[in-house]
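Engineer: If you're matching positions, the sequence shown starts at 61 in the numbering used here and goes up one per residue. Where is the CB? At the ideal position from N, CA and C, for every residue including glycine. These numbers come from a predicted model, not from an experiment.
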Amino acid sequence: MESIKIQGIYFERKLMTAGVGATAQEKTDDLHYYVREIPDGSIRLELLKGTTSTGIELDVISKEEFAKRFRSCSEHDCPFVQKTPEDKKKAKHNEIVKEADEHLKNKEYNSAEFEYGRALKLNEESVRANYGMGKVYIETGRIEQAKQIFKKLSQTEALFEQENKHIFNEFGIDLRKNGMYDEAIGNYEKAISIDPKDENLYYNLGRAYKETGDYKTAYEKVKKALELKPDFKEAQEYLEFLKNKAEK
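#1: Does DSSP put D161 in a helix, a strand or coil?
#2: Taking the runs of the alpha helix (DSSP H) that are 4 residues or longer, which of them lie wholly in the region 160-208?
#3: Which residue's Cα is closest to the Cα of Q215: E117, Y191, T111, K195?
#4: Tell me, please, whether the region 107-127 touches the region 155-168 by the rule of three or more beta-carbon pairs shorter than 8 Å.
#5: When you compare only the Cα positions, how much space is there between G194 and E271?
#6: In the DSSP assignment, find the alpha helix (DSSP H) that holds L286 and state where it starts and stops.
#7: How is I114 classed by DSSP in three states: helix, strand or coil?
#8: Compare the C-alpha of L235 against each of E217, D147, I198 and name the closest.
#9: For T88, I'd like the list of residues in its chain whose CB is within less than 8 Å of its CB, leaving aside the five on either flank, ordered along the chain.
#10: Here's a check: name, in chain order, each residue in its chain whose Cβ is nearer than 7 Å to the Cβ of L91, leaving out the five neighbours to either side.
#11: Determine the direct distance from the alpha carbon of E135 to that of R129, and round the result to whole angstroms.
#12: Where do the N-terminal and C-terminal ends of the alpha helix (DSSP H) with L91 fall, by residue?
#13: Could you tell me whether the region 271-283 touches the region 138-150, where touching means 3 or more Cβ pairs closer than 8 Å?
#14: Relative to the C-alpha of K65, which residue among I245, E97, Q85, L265 is closest?
#15: Three Cβ pairs or more, each shorter than 8 Å: is that satisfied between the region 284-295 and the region 252-272?
#16: Taking C-alpha atoms, which residue in K207, E117, I254, E175 lies nearest to A189?
#17: Between L219 and G81, what straight-line distance do the alpha-carbon atoms span, to the nearest angstrom?
#18: Which complete alpha helix (DSSP H) runs does the region 218-279 hold, if anything under 4 residues is left out?
#19: Whole-angstrom Cβ separation of L313 and T114, contact assumed at under 8 Å?
#20: Where does G101 sit, in a helix, a strand or coil, going by DSSP?
#21: Give me the residue from E223, Q222, V196, E221 with the minimum Cα distance to F210.
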């Protein structure tokens, strides 16, 4: 699957210190850049002038680093992007999902379900809201309903867009824990096609293959995780476990 090229205005949220000594205060500041994916897959950061790029290169970073540091301007009230009605709807949706995520984190499941429901009324295909609702169902014992949502999500191409990268691995783990091994394997394979250097994806793909009884493929995938990160302790231990299983 060909991944979507990254281009446009993105921001990085940084903790800044204003003042000195006893008067020093910390505050967050959103630093905006025009970003452009270049042919080798790296991300070029360019200086903004108004709402357009000056073409002046400030830095070039890996796609992995970009995913960790930068957010889409759809996630906040961005002064650099003129809001269309659809943009405003998306911003409202993101605000509601953020609130729902907080309720889920605090185990306030009724409130989380209510907020995810509100978000889904704005966008019934929302990856984040559907995934959150699925997790609420798991936590409240509605396993079959959760599986229905997870199955639908596993077939949704939007799940594998760069802005949802942080969901890839966690979603795959939930699929595996709920016995949806084929869906988990498909999820990890797609995620790896987008981020082939994430050792956690290979490690968890190996664990999913192990659950199907395919120890040989499981061994190969976990071995790949170790090639990417030689000091990956969990992968080292799991590889030894798989080696013993494969030899029997």
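Structural biologist: According to the data block:
#1: For D161, the secondary structure class from DSSP, reduced to helix, strand or coil, is helix.
#2: Complete alpha helix (DSSP H) runs here, min 4: 169-182, 187-199.
#3: Of all alpha-carbon atoms in E117, Y191, T111, K195, the one lying nearest the alpha-carbon of Q215 is that of Y191.
#4: Short answer: they don't touch.
#5: Cα to Cα, G194 sits roughly 22 Å from E271.
#6: DSSP places L286 in the uninterrupted alpha helix (DSSP H) bounded by 275-288.
#7: Here residue 114 turns out to be Thr, not Ile, going by the sequence shown. The three-state secondary structure of T114, taken from DSSP, is strand.
#8: L235 has its Cα closest to that of I198, out of E217, D147, I198.
#9: Spatial neighbours of T88 in its own chain (CB-CB distance under 8 Å, excluding positions within 5 residues in sequence) are listed in chain order as R73, K74, L75, M76.
#10: So the list reads F71, E72, K74, once near-sequence residues are dropped.
#11: Taking the straight line from one Cα to the other gives about 14 Å.
#12: Where L91 is concerned, there is no enclosing alpha helix (DSSP H), although the beta strand (DSSP E) it sits in stretches over 85-97.
#13: No, because fewer than three Cβ pairs between the region 271-283 and the region 138-150 fall closer than 8 Å, the two stretches do not touch.
#14: For K65, the closest alpha carbon among the candidates I245, E97, Q85, L265 is that of E97.
#15: Because the criterion of three Cβ pairs below 8 Å is met, the region 284-295 and the region 252-272 touch.
#16: For the residues K207, E117, I254, E175, the minimum Cα distance to A189 belongs to E175.
#17: Approximately 46 Å, taken between the alpha carbons.
#18: Counting whole runs of 4 or more residues, the region 218-279 contains the alpha helix (DSSP H) stretches 225-237, 241-254, 259-271.
#19: The question about residue 313 has no answer, for the chain in this structure spans 61 to 308.
#20: If DSSP states are grouped into helix, strand and coil, G101 belongs with coil.
#21: Nearest to F210 by C-alpha distance, out of E223, Q222, V196, E221, is V196.
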